[in-house]
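Here's the structure, in structure tokens; my notes come after.
Residue numbers (the working numbering), protein chains in the order written: chain A, 832 to 942; chain B, 179 to 266; chain C, 4 to 174.
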């Protein structure tokens, strides 16, 4: 049981780290959004699921409350994270930031 | 269970990543880069708060994480609108 | 009529979340009486703005239960799998630095706002793609693709089976 929880936490930490690393490594805004959004969302799923399982195993009022609230936090994170990054990408493109080294930019051609 | 210790370590690692993202927040050449870094930090902070809530057995921290997630989402949307030049 | 349906649906949604947040607080069931009554009042008041914003252009078919079951199945099945693939893909790109970015356009033929939202969020979280803009009038998607294989792609090339899933769930 404990090993399982540790494994979930480790996977979460690895993917979150990948997100932070992608943020530092990629060359322009759009690719950074790619790395940051995907990896931090995926990593957070694993971290929070570890908390949820821990809460349900602990059981009773306190553990159950912890599990349900963590599950709700995960739900909101899953909805808000891609929406926010989509808004940022759109804002960046309208503000005139162009993808570095793009082979094609259909949105630019539209205007 | 000694799982609490594991939660604490994982939370510490996530805080480390948040500091790494802060490098991009400081360095990012455009405003959009900084906004992306801020968004990443917000997600990491939410995950950290949930982990800390489990580590210390305080459900209040998880509630704060929920509210923080929603508020930071609204902040991100506002920054995006500002980038578009929409706050006129 | 539709207005009232939207109001009741929104109130039930808010009340459900409120009850989840206040589990194990008392003796009536597992809630206290004050939480039950206060939550009902808050839900009925909070649903008023929902009828103006969320359900303005939609009809109420999102309330059919089989769509919710499909949605949950979609989340834990194909969506989660491609999300895992997406992360391994990003890891590969981060380490090798092999990118060929570009913004492509395609037409998934989705009509409702909810379907478009679902598809846009799915695209953002799955391999190599990120929604940049959606044309509200024509429904065309502009997607940033991290490794462009085809500058004029069909929807299946960019996001696999997701448009048909979005249609099944939302339309």
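For every residue, glycine included, the Cβ atom is placed at its ideal position computed from N, Cα and C.
Please report the straight-line C-alpha distance between residue i and residue j, rounded to a whole angstrom.
i, j, result
"residue 193 of chain B", "residue 839 of chain A", "18 angstroms"
"residue 144 of chain C", "residue 921 of chain A", "12 angstroms"
"residue 136 of chain C", "residue 128 of chain C", "15 angstroms"
"residue 201 of chain B", "residue 867 of chain A", "14 angstroms"
"residue 253 of chain B", "residue 892 of chain A", "34 angstroms"
"residue 170 of chain C", "residue 82 of chain C", "15 angstroms"
"residue 157 of chain C", "residue 163 of chain C", "10 angstroms"
"residue 881 of chain A", "residue 227 of chain B", "13 angstroms"
"residue 40 of chain C", "residue 241 of chain B", "21 angstroms"
"residue 199 of chain B", "residue 939 of chain A", "30 angstroms"
"residue 877 of chain A", "residue 895 of chain A", "18 angstroms"
"residue 862 of chain A", "residue 88 of chain C", "17 angstroms"
"residue 85 of chain C", "residue 31 of chain C", "43 angstroms"
"residue 923 of chain A", "residue 929 of chain A", "8 angstroms"
"residue 841 of chain A", "residue 11 of chain C", "43 angstroms"
"residue 899 of chain A", "residue 24 of chain C", "7 angstroms"
"residue 54 of chain C", "residue 927 of chain A", "36 angstroms"
"residue 195 of chain B", "residue 174 of chain C", "40 angstroms"
"residue 206 of chain B", "residue 235 of chain B", "37 angstroms"
Chain F beta carbons: is any one of them nearer than 8 angstroms to that of residue i?
i, result
"residue 151 of chain C", "No chain F is present in this structure, whose protein chains are A, B and C."
Using only CA atoms, which one of the options lies nearest to residue i?
i, options, result
"residue 17 of chain C", "C:43, C:28, C:36", "C:43"
"residue 37 of chain C", "C:118, C:48, C:22", "C:22"
"residue 917 of chain A", "A:842, A:860, A:889, A:856", "A:860"
"residue 150 of chain C", "C:163, C:102, C:125", "C:102"
"residue 183 of chain B", "A:915, A:885, A:855", "A:885"
"residue 134 of chain C", "A:869, A:841, A:855", "A:869"
"residue 139 of chain C", "C:123, C:174, C:96", "C:123"
"residue 910 of chain A", "B:262, B:258, B:234, B:244", "B:244"
"residue 237 of chain B", "C:56, C:34, C:91, C:27", "C:27"
"residue 259 of chain B", "B:210, B:188, B:206", "B:210"
"residue 45 of chain C", "C:99, C:98, C:15, C:8", "C:15"
Closer than 7 angstroms by C-beta to residue i: which residues in its own chain qualify, once you throw out the five before and the five after it? Chain order, please.
i, result
"residue 153 of chain C", "160"
"residue 225 of chain B", "192"
"residue 871 of chain A", "847, 850"
"residue 172 of chain C", "70, 73, 74, 77, 121"
"residue 873 of chain A", "846"
"residue 96 of chain C", "102, 149"
"residue 904 of chain A", "879"
"residue 919 of chain A", "864"
Residues in the same chain with beta-carbon distance under 6 angstroms from residue i, minus the five sequence neighbours each way, listed in chain order, please.
i, result
"residue 232 of chain B", "185"
"residue 266 of chain B", "Low per-residue confidence applies at residue 266 of chain B: pLDDT is 48, beneath 50, and the placement is therefore not dependable enough to give any value."
"residue 931 of chain A", "858, 859"
"residue 275 of chain B", "Residue 275 of chain B lies beyond the stretch modelled for chain B, which goes from 179 to 266, so this question has no answer here."
"residue 33 of chain C", "26, 27"
Starting from residue i, trace the beta strand (DSSP E) both ways and give me its first and last residue.
i, result
"residue 108 of chain C", "105 to 109"
Checking the sheet assignment: what are the DSSP bridge partners for residue i?
i, result
"residue 147 of chain C", "C:106, C:133"
"residue 34 of chain C", "C:31"
"residue 936 of chain A", "C:106"
Return the first residue and the last residue of the alpha helix (DSSP H) that residue i is part of.
i, result
"residue 82 of chain C", "Per DSSP, residue 82 of chain C belongs to no alpha helix (DSSP H) and is neither H nor E."
"residue 227 of chain B", "209 to 234"
"residue 891 of chain A", "891 to 925"
"residue 159 of chain C", "158 to 162"
"residue 167 of chain C", "165 to 173"
"residue 237 of chain B", "237 to 262"
"residue 140 of chain C", "Residue 140 of chain C -> no alpha helix (DSSP H), and no H or E assigned at all."
"residue 69 of chain C", "68 to 77"
"residue 119 of chain C", "116 to 128"
"residue 845 of chain A", "833 to 856"
Counting only the same chain and skipping the five closest in sequence on each side, list residues whose C-beta sits under 8 angstroms from that of residue i.
i, result
"residue 203 of chain B", "212, 215, 216, 219"
"residue 132 of chain C", "126, 146, 147, 148, 149, 161, 162"
"residue 118 of chain C", "169, 170, 172, 173, 174"
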